[in-house]
Amino acid sequence: MTTRPSVAVERHLTSDDFARTLAADVRRGLTRRAKTLPPKYFYDTRGSELFERITRLPEYYPTRAERAILTAHADDIAKLSGADTLVELGSGSSEKTRLLLDSMRATGTLRRYVPVDVSDGALLGALKALRDDYPDVEMRGVVADVERHLHLLPRTGNRLVALLGGTIGNLTPGKRRRFLSAVRANLASSDALLLGTDLVKDPRRLVAAYNDTAGVTAEFNRNVLRVVNRHLHADFAPHAFAHVAVWDPNREWIEMRLRSILPQTVHVRDLDLVVDFGTGEELRTEISAKFRQESLEAELAAAGFTLAACWTDPAGDFALSLSTVR
Ligand SMILES: C[S@@+](CC[C@H](N)C(=O)[O-])C[C@H]1O[C@@H](n2cnc3c(N)ncnc32)[C@H](O)[C@@H]1O
-6 MTTRPSVAVE RHLTSDDFAR TLAADVRRGL TRRAKTLPPK YFYDTRGSEL
44 FERITRLPEY YPTRAERAIL TAHADDIAKL SGADTLVELG SGSSEKTRLL
94 LDSMRATGTL RRYVPVDVSD GALLGALKAL RDDYPDVEMR GVVADVERHL
144 HLLPRTGNRL VALLGGTIGN LTPGKRRRFL SAVRANLASS DALLLGTDLV
194 KDPRRLVAAY NDTAGVTAEF NRNVLRVVNR HLHADFAPHA FAHVAVWDPN
244 REWIEMRLRS ILPQTVHVRD LDLVVDFGTG EELRTEISAK FRQESLEAEL
294 AAAGFTLAAC WTDPAGDFAL SLSTVR
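The numbers in the numbering used here rise by one with no breaks, and the one at position 235 of the sequence shown is 228.
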């Protein structure tokens, strides 16, 4: 007799909620002197697919480096955490996650996988790909915004909460502090945090990782304009904006921007908003902070975590840290 995989999806980010939050973020971001849009809006189904293509680009080392760490240490993570439930924030395709699931299963503890993402396309795709390979594992997908819905995530089991891919670096330092404290506040004493962080390195490699020669990252960057056009009836002409990636050595982060290549006026019909862009004016669409191991440990401690282990890939490009709750 075959076991039927148990798969469920719960939704805390409804389409109304998404539309309201997007409208508020777009109004705030486009009416500031230095225009910005939050990176979470890259990830509609097309954006998530473009991100998957990015992870396979020769210039984009973070995914390969993090996979190398997981290949070497997923067993250690499974044993040290002793978790029966893997909650993954910003899970995307859940591809690398298989390494963790396999080790947790081999350790004999794995019962439940809870992928959490704003992108329902990515989440449903991931669950579809996983369910037949893990028929003995309860799959509970959650469509949610981890900056707003952490308190609504399932609390069952001994949880390992993972945030991979360097996604934590997309938050500004203030938001990052608040986010890590909120994660901590939502963990029980037996839970643990697994955090993937990209490390500071030669700026030429960093910039290349965000400005590939095939132009995939450029299309991913412009995708946020397509999302705004579709949901808010705006008339951004995506190719009237050039993709820009720069390293900020003081703040130690990469900035992705969209630079207007001509003077233009954009109408956001649903917001009754008219936005002018001068030639060369830039709209910041993402930061991706890079970390140093010492300051990372201090940040985790400030949020109430104790570093239990930290591994890097052989080249020292990326770090994966496991923290317990103090
Ligand atoms: C950089 S990708 C990383 C994907 C995957 N974890 C990996 O390591 O390849 C960021 C992922 O987080 C999701 N995401 C971004 N902001 C989010 C938010 N506020 N709440 C939930 N998911 C979010 C995106 O949809 C995307 O799947």
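Just so it is clear, CB atoms sit at the ideal spot from N, CA and C, and this is done for glycine as well. If you're wondering where the values come from, they're calculated on a predicted model, not measured in any experiment.
Output the distance between the C-alpha atoms of residue i and residue j, rounded to the nearest integer angstrom.
i    : j    : result
V200 : I247 : 7 Å
R285 : L153 : 23 Å
H226 : L180 : 40 Å
F11  : N204 : 29 Å
V19  : M132 : 34 Å
G134 : G271 : 43 Å
R250 : E279 : 7 Å
R197 : S281 : 15 Å
A1   : R169 : 30 Å
S288 : A155 : 20 Å
S314 : V221 : 35 Å
E290 : G85  : 26 Å
S174 : L255 : 43 Å
D9   : A308 : 45 Å
K33  : H232 : 21 Å
E59  : E274 : 35 Å
A298 : S316 : According to the sequence as given, residue 298 is Phe; it is not Ala. Between F298 and S316, the C-alpha separation is close to 6 Å.
A301 : L266 : 49 Å
A312 : V193 : 11 Å
R39  : N214 : 11 Å
G162 : A296 : 16 Å
L103 : A76  : 7 Å
Going by CA-CA distance only, name the one from the options that's closest to residue i.
i    : options                : result
A238 : T210, H260, V259, T258 : T210
V318 : A185, L117, D191       : A185
D37  : M132, E212, R177       : E212
D263 : E131, K28, L15         : L15
V261 : G101, G297, E81, R21   : R21
K283 : G297, P242, D265, L276 : P242
H142 : L192, R91, G83         : G83
E88  : R13, R98, E45, T102    : E45
L93  : L63, A119, L117, T258  : L63
T367 : F229, L276, E245, R244 : Nothing can be reported for residue 367, as the shown portion of the chain is limited to -6 through 319.
A137 : K121, L146, V130       : L146
Y53  : A207, C303, D269, W304 : A207
Cβ of residue i less than 8 Å from any chain B Cβ?
i    : result
A282 : Absence of chain B from the displayed structure is noted, only one protein chain being present.
Excluding the 5 residues flanking residue i on each side, which residues of the same chain have their C-beta closer than 6 Å to its C-beta?
i    : result
R57  : none
A61  : D306
A235 : R252, I254
M97  : A71, L103
E3   : V135
Within 10 angstroms of the Cβ of residue i, are there 16 or more other Cβ atoms? Answer buried if so, exposed if not.
i     : result
R177  : buried
P55   : buried
D310  : buried
S(-1) : exposed
P51   : exposed
S74   : buried
T90   : buried
G159  : buried
T24   : exposed
A27   : exposed
S112  : buried
G189  : buried
D191  : buried
A294  : exposed
S182  : exposed
For a test of your reading of the model: does the CB of residue i fall under 7 Å from any non-hydrogen atom of ligand 3? Yes or no.
i   : result
Y36 : No copy of ligand 3 occurs in the structure displayed; its ligands are ligand 1 alone.
Suppose the cutoff is 8 Å on Cβ atoms and the five residues either side in sequence are ignored; what does the same chain contact list for residue i look like?
i    : result
T149 : T78, R105
Keeping to the same chain, check which residues put their C-beta closer than 7 Å to that of residue i; ignore five residues upstream and five downstream.
i    : result
V217 : L30, Y34, F35, T278
R219 : P231
H224 : A12, L15
W240 : P196, L199, V200, I247
4-residue-minimum alpha helix (DSSP H) runs that sit fully inside the segment 95 to 179, ordered along the chain: 113 to 124, 166 to 178
Could you tell me which uninterrupted alpha helix (DSSP H) segments, each at least 4 residues in length, are contained entirely in the segment -5 to 24, listed from first to last along the chain? 8 to 23
Alpha helix (DSSP H) runs wholly inside the segment 199 to 268, at least 4 long, in chain order: 209 to 225
Where in the segment 27 to 97 do unbroken runs of the alpha helix (DSSP H), each at least 4 residues long, occur, reported from the N-terminal end onward? 38 to 48, 54 to 74
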